[in-house]
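Notes for the one structure printed next.
Numbering (my numbering), first residue to last: 1 to 609.
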């Protein structure tokens with residue numbers, strides 16, 4: 001028997017905890033992109049089947065299926081429906097495909113939104129069937145359910161075996177103005193009756209349904225084309241209603257995503273729920289990301305809670321979910337801004353509430369918002385929830401500015417950003433102050449930026465304990481009054497360093513390996529000493545790549561010229577050590593047979609502060 005995550009409880013799987021990483025390109029076990037958008041998961045025996053649609057140039061190419069036993073490692077299985085499966089699929093749009101299992105007929109049934117290849121005028125559903133979950137599905141045709149328009153849709157199998165279609169439809173003359181609910185026939189291949197209307201004139205789309213206990217949860221998005229928006233949900237104890245009013249979930253852009261399904265993972269010790277969504281790039285629809293997040297359903301209160309995690313883990317066998325132990329160091333700390341409207345406050349942007357916001361006093365750009373931690377904190381991720389106006393969405397050009405003293409700031413430049421609604425920046429710095437510099441906003445449908453600088457929420461995440469709160473200086477062994485410093489982003493040794501901050505570094509656990517250390521500039525927090533392609537030592541802003549982290553990691557060793565001092569061995573270039581040559585730092589091979597001059601040049605005295 002198949003167990004659909006849309007309604008039935010799945011069987012136990014043999015799996016271990018695996019990490020889910022959001023906002024990246026997901027690859028299958030062959031190293032190819034997972035081409036399965038807006039679909040769902042079905043479980044058969046101990047195998048999960050991931051279904052989704054693939055389009056080329058905006059028109060339908062195939063519905064693909066991938067298999068997994070752990071929800072992480074997916075193997076391509078088959079293109080179960082293609083543009084060659086039927087004449088009317090040759091030039092068409094097949095969107096939001098969902099596969100469910102009918103235990104009475106033994107058939108797997110695929111439902112999808114069907115349109116012609118050029119526009120969205122048909123407003124139909126498409127149905128196909130197969131006797132196996134990954135076989136070639138037989139196309140049954142497309143139609144309007146009971147002659148009602150149907151666009152964004154989902155299907156749901158209740159615990160009593162009844163099947164339902166939820167669809168963005170038209171009641172009062174506007175496309176997608178009202179959600180419609182239909183009951184399927186006994187074979188799940190057609191519609192037997194109209195159940196009712198939901199969210200009249202609400203223009204809701206992207207429905208997804210899940211049941212926990214006796215309560216149904218219906219998640220939807222607003223209608224804003226390919227742009228993200230505030231998702232909302234309603235609950236009921238019967239599919240026929242009465243449904244509650246809509247409540248928001250997540251942040252005002254649903255973390256830059258649009259929901260397409262809720263997966264129920266029932267394991268040996270817990271039942272967990274996965275919010276499955278698409279992140280579309282409106283500027284390039286071929287740029288698609290899968291977003292999966294843990295969803296908390298409180299059945300007694302009838303509430304749903306969604307929080308962002310760049311990485312989290314799930315054990316498909318036990319059903320247990322684990323989230324990172326990062327602290328939002330910004331929440332509740334002292335916030336200031338360049339200006340503040342009378343109806344808002346700077347503290348609204350770090351109060352832990354996505355529905356409140358800080359707003360500047362005018363539409364003048366640039367503008368800034370800042371938080372003071374009160375003491376140095378290590379930050380590894382910056383999550384920003386941006387203001388969006390439905391119909392005139394904008395993406396923000398911004399800078400993350402970081403300081404230890406509130407005077408000297410280093411800059412992480414994000415003025416190349418084109419992501420709407422929600423941004424996540426992987427960073428690594430230890431500092432007391434973080435300032436978000438809102439440089440500009442670019443509106444997709446209006447070359448003139450009329451936005452007022454606004455932030456819904458800034459989350460600055462990192463470990464509970466800072467990497468290091470003090471700093472060190474390093475003097476040359478053979479030039480004792482010369483210190484390692486950065487000058488125009490090049491590392492060298494100089495006497496009488498001015499400003500002295502150029503010679504001060506935090507010694508933090510190695511970015512590439514905890515067996516080593518990394519050296520972070522005090523007055524350029526977030527910038528580390530690292531080797532470049534020419535084996536020169538330079539100061540560069542942190543990059544969340546393996547190569548950068550390895551090149552910025554050094555193994556501490558006894559000083560080559562004096563064992564009471566230290567030498568820095570490159571982690572990425574074993575046997576090569578930092579030395580100064582004509583006062584400039586570079587990597588060179590140092591061995592026991594090296595000259596005394598080379599050994600002295602590769603030896604330093606550390607002064608701790």
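Each residue gets a CB set at the ideal place from its N, CA and C atoms; glycine is no exception.
Quantities reported herein were computed from a predicted structural model and do not represent experimental measurements.
In angstroms with no decimal places, state the Cα-to-Cα distance between residue i and residue j.
| i | j | result |
| --- | --- | --- |
| residue 97 | residue 176 | 18 Å |
| residue 6 | residue 58 | With a pLDDT of only 33 at residue 6, under the threshold of 50, the placement of this residue in the model should not be trusted, and no figure is reported. |
| residue 19 | residue 312 | 6 Å |
| residue 4 | residue 133 | The pLDDT assigned to residue 4 is 34, lower than 50, so where the model puts this residue is not dependable; a value taken from the coordinates is nonetheless given after this. So the two alpha carbons sit approximately 11 Å from each other. |
| residue 148 | residue 170 | 7 Å |
| residue 375 | residue 159 | 54 Å |
| residue 309 | residue 293 | 7 Å |
| residue 85 | residue 50 | 20 Å |
| residue 138 | residue 307 | 39 Å |
| residue 517 | residue 505 | 11 Å |
| residue 13 | residue 43 | Because residue 13 sits at a pLDDT of 37, beneath the cut-off of 50, its placement in the model cannot be relied upon, and the following sentence gives the value as read from the coordinates. Going by the C-alpha atoms only, they are around 9 Å apart. |
| residue 538 | residue 490 | 5 Å |
| residue 443 | residue 353 | 25 Å |
| residue 511 | residue 87 | 56 Å |
| residue 238 | residue 202 | 21 Å |
| residue 296 | residue 304 | 6 Å |
| residue 253 | residue 394 | 12 Å |
| residue 388 | residue 448 | 15 Å |
| residue 594 | residue 426 | 40 Å |
| residue 603 | residue 368 | 44 Å |
| residue 10 | residue 78 | Caution is warranted here: a pLDDT of 32 is assigned to residue 10, below 50, making its placement in the model unreliable, and the coordinate value is therefore given only provisionally. Using only the alpha carbons, I get a separation of about 22 Å. |
| residue 224 | residue 282 | 11 Å |
| residue 232 | residue 318 | 29 Å |
| residue 2 | residue 269 | Bear in mind that a pLDDT of 36 at residue 2, under 50, signals an unreliable position, so the model cannot answer this. |
| residue 117 | residue 129 | 22 Å |
| residue 572 | residue 485 | 22 Å |
| residue 608 | residue 526 | 20 Å |
Find out if the Cβ-Cβ distance for the pair residue i, residue j is shorter than 9 Å.
| i | j | result |
| --- | --- | --- |
| residue 508 | residue 460 | no |
| residue 386 | residue 421 | yes |
| residue 475 | residue 605 | yes |
| residue 550 | residue 588 | no |
| residue 135 | residue 80 | yes |
| residue 242 | residue 216 | no |
| residue 616 | residue 155 | Since the displayed the chain opens at 1 and closes at 609, residue 616 lies outside it and no answer follows. |
| residue 220 | residue 200 | no |
| residue 274 | residue 27 | no |
| residue 423 | residue 384 | yes |
| residue 357 | residue 364 | no |
| residue 222 | residue 251 | no |
| residue 377 | residue 466 | yes |
| residue 601 | residue 580 | yes |
| residue 29 | residue 75 | yes |
| residue 181 | residue 245 | no |
Span of the alpha helix (DSSP H) holding residue i?
| i | result |
| --- | --- |
| residue 598 | 596–601 |
| residue 547 | 546–551 |
Report the partner residues of residue i according to the DSSP bridge assignment.
| i | result |
| --- | --- |
| residue 111 | 98, 127 |
| residue 193 | 183 |
| residue 233 | 219, 247 |
| residue 442 | 395 |
| residue 157 | 163 |
| residue 486 | 491 |
| residue 462 | 327 |
| residue 60 | 55 |
| residue 199 | BP columns for residue 199 are empty, so no partner. |
| residue 411 | 401 |
Between which two residues does the beta strand (DSSP E) carrying residue i extend?
| i | result |
| --- | --- |
| residue 388 | Element bounds for residue 388: n/a, residue is neither H nor E. |
| residue 337 | 334–337 |
| residue 53 | 47–56 |
| residue 588 | 584–589 |
| residue 141 | 138–143 |
| residue 292 | 288–298 |
| residue 508 | 505–509 |
| residue 75 | 75–82 |
| residue 210 | 204–212 |
| residue 568 | 566–570 |
| residue 520 | 517–521 |
| residue 608 | 604–608 |
Taking only beta-carbon positions, decide if residue i is within less than 9 Å of chain D.
| i | result |
| --- | --- |
| residue 42 | The displayed structure is made up of one protein chain only, and chain D is not part of it. |
(request) Decide yes or no for the touch test of the segment 122–132 against the segment 96–111: beta carbon pairs closer than 8 Å, at least 3 of them. (result) The segment 122–132 is in contact with the segment 96–111.
(message) Check whether the segment 438–454 and the segment 401–412 touch, using three or more Cβ-Cβ pairs below 8 Å as the test.
(response) Judged by pairs of C-beta atoms under 8 Å, the segment 438–454 does not touch the segment 401–412, as fewer than three such pairs exist.
(message) Taking contact to mean 3 or more Cβ pairs, one atom from each stretch, closer than 8 Å, check whether the segment 584–601 and the segment 486–503 are in contact.
(response) Yes, they touch.
(request) Evaluate the contact criterion for the segment 205–214 versus the segment 260–280: three or more CB pairs, one atom per stretch, below 8 Å. (result) Using a C-beta cut-off of 8 Å, the segment 205–214 makes contact with the segment 260–280, since at least three inter-stretch Cβ pairs fall below that distance.
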